[in-house]
Every structure is written in structure tokens, then in C-alpha cells.
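S.K.: So the sequence shown is numbered by my numbering: it starts at 3 and just counts up by one.
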Amino acid sequence: MIRIAYVSTYPPRRCGLATFTEHLRQSIDGVRGPSDGDRVIVLYNESDGDDAYRHNPAYWPLPAQNRTAYAEMAKRVNESDIDVVVLQHEFGIFGGEAGEYILDFIAALEKPLVTTFHTVFAEPPLPYRPIQEKIAAASDAIIVMNRQAIPYLVKAFGLPEEKIVYIPHGAPGPSSENRDSLRRRLGFSGRKVMLTFGLLSRGKGIESVLAALPGVVRKVPEALYVIAGQTHPEVKKREGEAYRDELKALIHRLGLDGHVRMEDRYFSEEELIDYLTACDLYVTPYPGMQQITSGTLAYAVGVGRPVVSTPYEHARDLLQGCEELLLPYGDTTAWEERLGQLLADEAALKRWEEKVRQIGANTHWPRVGEQHVALFARMCAAKRGEVKTIGTVSH
Numbered sequence: 003m004i005r006i007a008y009v010s011t012y013p014p015r016r017c018g019l020a021t022f023t024e025h026l027r028q029s030i031d032g033v034r035g036p037s038d039g040d041r042v043i044v045l046y047n048e049s050d051g052d053d054a055y056r057h058n059p060a061y062w063p064l065p066a067q068n069r070t071a072y073a074e075m076a077k078r079v080n081e082s083d084i085d086v087v088v089l090q091h092e093f094g095i096f097g098g099e100a101g102e103y104i105l106d107f108i109a110a111l112e113k114p115l116v117t118t119f120h121t122v123f124a125e126p127p128l129p130y131r132p133i134q135e136k137i138a139a140a141s142d143a144i145i146v147m148n149r150q151a152i153p154y155l156v157k158a159f160g161l162p163e164e165k166i167v168y169i170p171h172g173a174p175g176p177s178s179e180n181r182d183s184l185r186r187r188l189g190f191s192g193r194k195v196m197l198t199f200g201l202l203s204r205g206k207g208i209e210s211v212l213a214a215l216p217g218v219v220r221k222v223p224e225a226l227y228v229i230a231g232q233t234h235p236e237v238k239k240r241e242g243e244a245y246r247d248e249l250k251a252l253i254h255r256l257g258l259d260g261h262v263r264m265e266d267r268y269f270s271e272e273e274l275i276d277y278l279t280a281c282d283l284y285v286t287p288y289p290g291m292q293q294i295t296s297g298t299l300a301y302a303v304g305v306g307r308p309v310v311s312t313p314y315e316h317a318r319d320l321l322q323g324c325e326e327l328l329l330p331y332g333d334t335t336a337w338e339e340r341l342g343q344l345l346a347d348e349a350a351l352k353r354w355e356e357k358v359r360q361i362g363a364n365t366h367w368p369r370v371g372e373q374h375v376a377l378f379a380r381m382c383a384a385k386r387g388e389v390k391t392i393g394t395v396s397h
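1) What do you get for His397, buried or exposed, if any count of 16 or more other CB atoms within 10 angstroms of its CB means buried?
2) Considering only the alpha carbon of each residue, which of Leu344, Ala244, Phe93, Arg353 lies closest to Pro132?
3) Quick check on this structure: which residue in Pro63, Leu249, Ala280 has the alpha carbon closest to the alpha carbon of Arg424?
4) For His57, count neighbouring Cβ atoms within 10 angstroms of its own Cβ and tell me buried if that reaches 16, exposed if not.
5) Let me check understanding here. Comparing Cα to Cα, which of Ala20, Val9, Arg340, Pro36 lies closest to Gly217?
6) When the Cα of Glu325 is compared with those of Pro308, Thr334, Gly257, which residue comes out closest?
7) Buried or exposed: which applies to Val395, given that a residue is buried once 16 or more other Cβ atoms fall within 10 Å of its Cβ?
8) Would you check if there are 3 or more beta carbon pairs closer than 8 Å linking the segment 252-269 to the segment 224-244?
9) Helix, strand or coil, according to DSSP, for Met75 in the structure here?
10) Do Lys357 and Gly304 have their CB atoms nearer than 8 Å?
11) List the whole-angstrom C-beta distance separating Pro73 from Ala110, where the pair is believed to meet the contact cut-off of C-beta under 8 Å.
12) Note the first and the last residue of the continuous alpha helix (DSSP H) segment covering Ile275.
13) Let me confirm a value: Asn148 is counted as buried when at least 16 other C-beta atoms fall within 10 Å, else exposed. Which label applies?
14) With a CB to CB cut of under 8 Å and the five nearest residues on each side skipped, what residues in its chain are close to Leu212?
15) Note down the Cα distance separating Ala158 from Asp347, rounded to an integer number of angstroms.
16) Using 8 Å as the threshold, is the C-beta distance between Tyr168 and Val146 below it?
17) Assuming Ala244 is part of the alpha helix (DSSP H), what are its boundary residues?
18) Can you tell which of Thr312, Leu345, His316 has the C-alpha that lies nearest to the C-alpha of Thr398?
19) Does DSSP classify Tyr288 as helix, strand or coil?
20) Measuring alpha carbon to alpha carbon, tell me which of Met291, Asp282, Ile95 ends up nearest Pro330.
21) Would you mind stating whether Met381 and Asp142 have Cβ atoms separated by less than 8 Å?
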């Protein structure tokens, strides 16, 4: 059995990467069985402490801002019986400018390395470019969660395409609770519910949905837009709840008080799945077209909900064949017409639900775990000279 060291943040830290890594670990264990030899190298901020990880032998805490700790951790891995290191890479979780401290870990590492890039640029800018280039060169295999990321990496860094593997962002399936029961419990009965969830911050495009909503309500009086999630902690540090207050003022000014519900709290994963299962439409109106990965979109598609979105990178890739659901950012008329049309047409919603459910079935965590285990097996075989290439592109 292949022994894995995961490098990432990890629960109880509330962070998308932490949740992703926990689910990845669980899905891999579900395929090949749990291994006492696996380890999680957990990035943590010293201000928060490592109490949650220190007393469990499965966790090897790594203080993110302590540069010398990175090479020391690599040495610990080298001296262990770990077979493969699986790095979840996002620039913001490692110390140094653009997370450069992780390069010290990689330079000292002697074990096979698989890196998942959670951010990929079409044209990598400074200071990120040299860091990502060095990580890519040192990795034995690279996982991306968007097929478009493959040509981006090949062009930017001259990587061989066979080194890069597409595996979709993992997602849960729908809630096991009856949907009508869920809708009653969540207060959605008799409403046509649009949902956006995630940490609240500027730049998510929520204002553009609110601008279209008066027209939607004229056509579908029972329409309800649910905005679920706390304000992003960094935003809250910087400006408190100013942005949430601005949205509330806009809602009131547009006469939408009875048609928008803002839920300012932390949502457990179970609650998010319930809300996704119960809603009629999931909405991601992001203005940034370069967003290569969206965990919230992956979850909505995994649960099988119809999605209306701007055509950012991940939406275009994941929703292939559903281009009618992709609308230009800020085109209030287009959003008003499409949202109103879908919410008023139950048969159309059902057709889109079936199409999205078929896409989502390939993203469920057990399937994603299988693809990771198969990749690790190919990589180990390649190391032994049994196969020539590691990567195969999944579709």
C-alpha cells in the first residue's frame, strides 16, 4: 500500500483547501483502505498554534512563517517510509513572498512529488511565475482541476503535456433527506430559490444579481435569492461589515427586502449540501474571468443543481454543453431574462438539472479518489521503469 504525505492546511482550520484535503484523504482511503503510514503535513499560523494537531501522530505540523522549518520537514519526510508527497498548492498558505518558502521544502525533498495547482494563470505574473515554475519542474506529476490549465502550463513553462493530469475538483452528492422536506425545513416552500454561498467579499458579483432581481420578481413574484455565508475574515479585519451593510442598503433601495435572505454565519458542509439540494438555481456571477477553480461551483454541480454563471474559466470548462447557462458579467437584461425564464419554467429546470447531474456524477469524491490512486500507481510504476509516462488526461 502506497504511503502518502499530504501537504496542506487541514481541519479544524476553516479554509477551502483544508476541507478539500480532508475529503481527498477520505476518498483515497475509501479506495485503497486507510493506512497508518499516511501523514498530513499541516500548515498552521503560529498565532493560532498547533494544539489541534500536535498530539496526533498522523499530523506533522509545519509553521507556515518559519522558513527553516520547511527544509527540516523535508528531511523528516526523507527519513520516513512515505512513498509519495501530495502537495496542495495555493500561494497564500505558505510563508514568504507569494509563498516562496515551500521551495525550500521541495529543494530538500527526495521523495516523489505530486502537486495539485489550485491556481493556474494563462500568463503567470510576477512574483508568482518563478515560484510556480520551480514547483512544476520539481514535481513528478501535476494535477489540475480545469482542462484549460493544461495548455496554460505547457505554454508558460514548457512542460511535457504527459506530466499533467486533469482530475476534477471533488464534490459531494446531494443530501439524503427528501427535497420537499428540506425545503420546508429551510423555509423555501412556495419560493423559487436562487443560492450563492461562500465567504462574503467584494468582487463576487452579487450586486449584478441584485440589479437584475427586480425584473425577475416582476415575472416570478415568489423568487428568493439566498446569500449564505460569513464575511471573509480578512475583509472583516480590514473594513468590518461595511460591504454587507452596503448590500443590505442596496436590497432595501431596490425594494427587495422580501426577496433576499442574507445568512451571516458559518455553514457546515452538511448544511451547505442541504441548501444546495433544496435550491432551484445556483448562481456564480463572478466578474473575474480568469478564475480557474471554484469550489462552490464544483459543489453545486456535484449536487446536481442547475447553475447560472458568468463564463469564467472553471464554469466554461465544467459546464461544457451547458453554454446557455453562461451569461456576460454585468449584463442586467440578460440575467433578468434568463433567471426569470428558468424560474418560471419547471420543465426547463428539470432538463437542466438532469444535464448537470450527469456532469456532476464524474466529480463525486469516490470517483476523484479512484483517479488519484490510479495516478499514484502509474507514477510508482514509472519510477520503477515499468511504464514510460505518468499522465493521462481524464475527460
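Here a beta-carbon is modelled for each residue, glycine too, at the ideal position from N, C-alpha and C.
M.R.: Well, looking at it:
1) The count along the sequence shown starts at 1 and reaches residue 397 at position 395. Here the model assigns His397 a pLDDT of 41, short of 50, so the residue's position is not dependable, and the following value carries that caveat. By the 10 Å Cβ count, His397 comes out exposed.
2) Counted from its first residue, the sequence shown places residue 132 at position 130. Selected option, being the one with the closest Cα: Phe93.
3) The structure shown does not extend to residue 424, since the chain spans only 3 to 397, so no value can be given for it.
4) Position 55 of the sequence shown, counted from the start, is the residue given in the question as residue 57. Exposed is the call here.
5) One-based indexing of the sequence shown puts residue 217 at position 215. Measuring from the Cα of Gly217, the nearest candidate turns out to be Arg340.
6) Here residue 325 refers to the residue found at position 323 of the sequence shown. Looking at the Cα atoms, Pro308 is the closest of the given residues.
7) Your numbering for residue 395 matches position 393 in the sequence shown. The pLDDT assigned to Val395 is 45, lower than 50, so where the model puts this residue is not dependable, and the model offers no usable value.
8) yes
9) Within the sequence shown, the letter at position 73 stands for residue 75. Helix at Met75.
10) The sequence position of residue 357 within the sequence shown is 355, counting from 1. The sequence position of residue 304 within the sequence shown is 302, counting from 1. No, the pair does not count as a contact, with Cβ atoms beyond the cut-off.
11) Looking up residue 73 in the sequence shown gives position 71. Looking up residue 110 in the sequence shown gives position 108. Just to set this straight, residue 73 is Ala in the shown sequence, not Pro. About 4 Å; that satisfies the 8 Å criterion.
12) For the purposes of this step, residue 275 is taken as the residue at position 273 of the sequence shown. Start and end: 271-280.
13) Translated into positions along the sequence shown, residue 148 becomes position 146. Classification of Asn148: buried, given that the 10 Å Cβ count is 16 or more.
14) Numbered from its first residue, the sequence shown carries residue 212 at position 210. Cβ within range, chain order: Tyr227, Leu249, Leu252, Ile253, Leu256, Leu258, Val262.
15) Reading the sequence shown from its first residue, position 156 is the one you call residue 158. Reading the sequence shown from its first residue, position 345 is the one you call residue 347. Cα to Cα, the separation comes out at about 45 Å.
16) In the sequence shown, the residue the question calls residue 168 occupies position 166. In the sequence shown, the residue the question calls residue 146 occupies position 144. A contact, by the Cβ cut-off of 8 Å.
17) Residue 244 sits at position 242 when you count from the first residue of the sequence shown. It spans 244-255 - the alpha helix (DSSP H) in which Ala244 sits, taken as one unbroken run.
18) A question about residue 398 goes unanswered here, because the residues of the chain that appear run from 3 up to 397.
19) On the sequence shown, residue 288 is found 286 positions in, with the first residue counted as 1. In the structure shown, Tyr288 sits in coil (DSSP, three-state: anything other than H, G, I, E or B).
20) Along the sequence shown, read from residue 1 onward, the residue named residue 330 stands at position 328. Of the candidates Met291, Asp282, Ile95, the one whose C-alpha sits nearest the C-alpha of Pro330 is Met291.
21) The residue you call residue 381 lines up with position 379 of the sequence shown. The residue you call residue 142 lines up with position 140 of the sequence shown. Going by C-beta atoms, Met381 is nearer than 8 Å to Asp142.
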